Structure formats: structure tokens, C-alpha cells
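Participant: Below: one structure in C-alpha cells.
There are 2 protein chains.
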Amino acid sequence: MQNSKCGCTAGSKAETSKAETSFHPADFSALKFENGLIPAIVQDADSKEVLMFAFMNEEALKLTLDTKIAHYWSRSRQSLWKKGETSGHFQRVEQIYFDCDADALLLTVKQTGGACHNGYKSCFYRTIDGAVVGEKVFDEKDVY
Amino acid sequence: MQNSKCGCTAGSKAETSKAETSFHPADFSALKFENGLIPAIVQDADSKEVLMFAFMNEEALKLTLDTKIAHYWSRSRQSLWKKGETSGHFQRVEQIYFDCDADALLLTVKQTGGACHNGYKSCFYRTIDGAVVGEKVFDEKDVY
């Protein structure tokens, strides 16, 4: 979100009661992809812990909506990225939200294992002054 | 976070016990700013609700660390943005985390009023299929 008035153009209020049964939006063309990408914040559906931050392109979002398994766009590899493909640590998506400016997404997920390559539940396992505060949930050497 | 091995270069483990007393990091030069900006996820410190998504430049991060009031960089206005300057809806920062790749921040905050210009507690008040599910906490016409 930026400090501008909100656009509030994406989605359709007519579908308010279908969140559970109809996961796929009628139209997400109103979402603002910047250079083909939209930021995605990923939050544990139960603990509410923020797990990671990534980007999606339209294909990743479509695949996520169709399969309910989180897909992203890897900017470092420049390729579609099914989270958990290597590690088995998939993310089952419970819900997707978009923000007032329609330029950021929030996914709530059921995370298998941990979200972080370093073996932590969340990628945000360190405070700004260097304290390691996150929960280590697997040994990354066994997985990657 | 991207699907690469994590850098884990920012911060200093020597300071692990100073999170509460010494909020300012010894060095955040290891943080990866892209075109001068780093994404910042903002989460309510109590409810764990994700409130908004914004960007910081180095100055915004320094001001946030120094004042414990969240500052961002408004890309739309191309200027420093002290959140709440117009609305009074400031964010008192409790903690700042950085992710494994050191290219994203997570702030936990005490939010005065609501984070969203549209009067909602969180900017993520709609699901992808258009359902409005967020909590309206103020009338934006009274504030802006």
C-alpha cells in the first residue's frame, strides 16, 4: 500500500458469500502487477505468523487459485516456483486477500514443515539487531 | 524471499540479548535495498493481523529505528512518509525482523486507529473473490 487514496477496483462484492465455495475470482485483471509481478505476503493460517515474502506473476496466481497450493515467481531463477517442490514443504492456501490499492496480496496457508530454506518455520527469524528468535523446525541439510 | 539459498549476512549475533534495550542495529548495510527500497510488511503486534504493505528507503528505516514510529517511502508521492502524519493513525514499532535473504522487513506495531485509508483496520480487507471481510474502525471522511 502506498499513501494514495485506495482504488478498490478489484473483485466483485456480488460474490461476498462465495469465499469458501468459489475460491477463484471472477476477474483479477484489476490487480496491479508491476513489471508482471505482484508482492505476496504469506501468513500461517493458524498461528498468524508471517512466514515469508515472495512475488507472483499471473500464471503463479492462477495456478495457486486452481490447485490451492502456493506457486510463486522466482526472480532469482526467473521461473515459476511451486513452493515445496524440492523440500516437500508445500503451502496449502486457505485464503487470498488483496489490499486497498490492489497491488499486494496476502495468503493465509497451512505450511508443511517450514517456510524457510534455513530450517526455520518463518523466513523472518531474526530481529533487526541480529537476534535469532525464530523456531527451527527442520535441518535444512536433510532437505536440500 | 526468493527460492535461493539464504544469505544470512545482516545483523550480528553478538547482540542477541539487546533486542529490547538496543533497538538500533549496529549495521544494516547488509540489508538488500532494491533501487533504494526494501519491502516492509506491517503486522499488528497483538492480534497478528497483517495491516499493510509498504516500502522503506534507508532514511525511512533510520527514522523508524530512531523514533520507533513507522516511516515509509511513498512511491506514489516520491517522498518520505511518516505514517499517521495526516490521520493521526501512527504506528508505534515494537520490533523489526528481516528475512533470510535480507531483502524484506517485517514490522510489528501498535496501530492507532486503522492502517487503511478506507477506514479499515487492515488494508487487506477483501478476499480475492471480492468479499469484504475486514473490520471498519473509522470513517475515512472524518480523517482525510
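Taken in order, these protein sequences are the chains called B and D.
Just so we're aligned, residue 9 is where the first sequence starts under the working numbering, counting upward by one.
Just so we're aligned, residue 9 is where the second sequence starts under the working numbering, counting upward by one.
Even for Gly, the Cβ is constructed at its ideal location relative to N, Cα and C.
For clarity, every value in this text was computed on a predicted model and none was experimentally measured.
#1: Using only the alpha-carbon positions, how far apart do D:Ser-30 and D:Val-50 sit?
#2: Per DSSP, what kind of secondary structure is D:Thr-72 in: helix, strand or coil?
#3: How would you list, in chain order, the residues of chain D whose beta-carbon sits under 7 angstroms from the beta-carbon of B:Thr-135?
#4: Taking 8 angstroms as the cut-off, does the segment 61-74 of chain B touch the segment 133-140 of chain B (at least 3 CB pairs, one atom from each stretch)?
#5: Could you tell me which chain D residues have their CB closer than 7 angstroms to the CB of B:Ile-49, listed as they occur along the chain?
#6: I want to see whether chain B comes within less than 9 angstroms of D:Asn-126, judged by CB atoms only; does it?
#7: My assumption, with CB atoms under 8 angstroms, is that B:Phe-63 sits in contact with B:Ala-48. Please give the rounded CB distance.
#8: Quick one: grab the DSSP three-state call for D:Lys-118.
#9: Since B:Leu-59 and B:Ser-130 should fall inside the 8 angstroms C-beta cutoff, what is the C-beta to C-beta distance between them, to a whole number of angstroms?
#10: In terms of residues, what are the limits of the alpha helix (DSSP H) holding B:Val-178?
#11: For B:Ala-34 and chain D, any beta-carbon pair shorter than 9 angstroms?
#12: In the structure shown, what three-state DSSP assignment does D:Glu-143 receive?
#13: Counting only the same chain and skipping the five closest in sequence on each side, list residues whose C-beta sits under 6 angstroms from that of B:Leu-114.
Facilitator: Straight from the coordinates:
#1: With a pLDDT of 45 at D:Ser-30, under the threshold of 50, the modelled position of this residue cannot be trusted, and the question is left open.
#2: helix
#3: Taking a Cβ-Cβ threshold of 7 angstroms, the residues of chain D close to B:Thr-135 are Ala-27, Gln-103, Ile-104 and Tyr-105, in chain order.
#4: no
#5: Under the 7 angstroms cutoff, chain D gives Ile-49, Val-58 and Phe-61.
#6: yes
#7: 6 angstroms
#8: For D:Lys-118, the three-state secondary structure derived from DSSP is strand.
#9: 5 angstroms
#10: Residue 178 of chain B lies beyond the residue range present for chain B, which begins at 9 and ends at 152; the question has no answer from this structure.
#11: Low per-residue confidence applies at B:Ala-34: pLDDT is 47, beneath 50, and the placement is therefore not dependable, though the value from the model is reported in the following sentence. Taking Cβ atoms only, chain D reaches closer than 9 angstroms to B:Ala-34, which makes this a yes.
#12: coil
#13: Ile-49 and Tyr-105
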